[in-house]
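Numbering (my numbering), first residue to last: 6 to 195. Virtual Cβ for every residue (Gly too), placed ideally from N, Cα, C.
As C-alpha cells, then:
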C-alpha cells in the first residue's frame, strides 16, 4: 500500500516513569489541542472529530505503527478519543510479534519515548504569527517513534494488574462521592 504523498506527522513525548510489563498497555495523549509543536503548528479543538466518526462508521481502527513504517504494524489502538484536551489513545503492544517485543524493550530503557500521528490536513489557516492552525485532520495512524515533536503530550504504559487496581480505586472514589451527595441531599431537606 502506498501512503498519500500529503501525509504529515506530528510527534508527542511519552513522559516520565514509563514502565514495561507483560501485557503492555500504552495510553495517553498523541496530540494536544492549542499546543504549538516544534514545527510551529497548532492543532485546534475538534480537528479529529469528523475523521474519527468516519473511521468508526466504516468499522476501521487506527493502526499502531513502528516509526511510521506501514510495513511494520505493531498493533492497533483499541481506543482513540478526542476530548477537550486532545487526542487520547489506548492500545496494547503485541508481544506475539518480534517488533512488538522490541518496542517494549526499547520503551523500557528509554530509547523510544514518543508518539507521532500520521494524518492528512483537510483544513488549516494561518494566525498572525504565521503559525498553521490545523482545524480538520484526517487521522491515518499513530506510531511509536524515537524523536518527539510535541514534548508536552504524555502517554503511560501499564500492566493489566495496574489497570484493574486503578479501576477499583476509581469505583471506590465514585461510590464515596455518591454517598456524600446523598448525605448532602438528605441534610439539605431536613
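- In this structure, residue 90 sits away from residue 53, with a CB-CB distance that is not shorter than 8 Å.
- In the three-state DSSP reduction, residue 35 falls in the strand class (E or B).
- In the structure shown, residue 121 falls within a strand segment according to DSSP collapsed to helix, strand and coil.
- An exposed status is given to residue 152, since fewer than 16 other beta-carbon atoms sit within 10 Å of its beta-carbon.
- Beta-bridge partners of residue 82 (DSSP): 96.
- Of the residues assessed, residue 84 falls on the exposed side of the cut-off, its CB having fewer than 16 other CB atoms within 10 angstroms.
- Your pair residue 145 and residue 119 does not check out as a contact, with CB atoms roughly 17 Å apart and the cut at 8 Å.
- Sequence-distant partners of residue 66 (beyond 5 residues in either direction) whose C-beta falls short of 7 Å from its own C-beta, in its chain, are 81 and 82.
- By the Cβ neighbour-count rule, residue 108 is buried, with 16 or more other Cβ atoms within 10 Å of its own.
- One thing to note: residue 99 has its Cβ no nearer than 8 Å to the Cβ of residue 117.
- Taking C-alpha positions only, residue 31 is separated from residue 96 by approximately 5 Å.
- In the structure shown, the three-state DSSP call for residue 40 is coil.
- Looking at the DSSP output, residue 14 shares a beta bridge with 123.
- Secondary structure note for residue 104: it is in no beta strand (DSSP E), and the uninterrupted alpha helix (DSSP H) holding it is 103-114.
- Excluding residues up to 5 positions away in sequence, 38 lie with their Cβ nearer than 6 Å to the Cβ of residue 50 in the same chain.
- Residue state for residue 130 is assigned as strand, using DSSP reduced to three classes.
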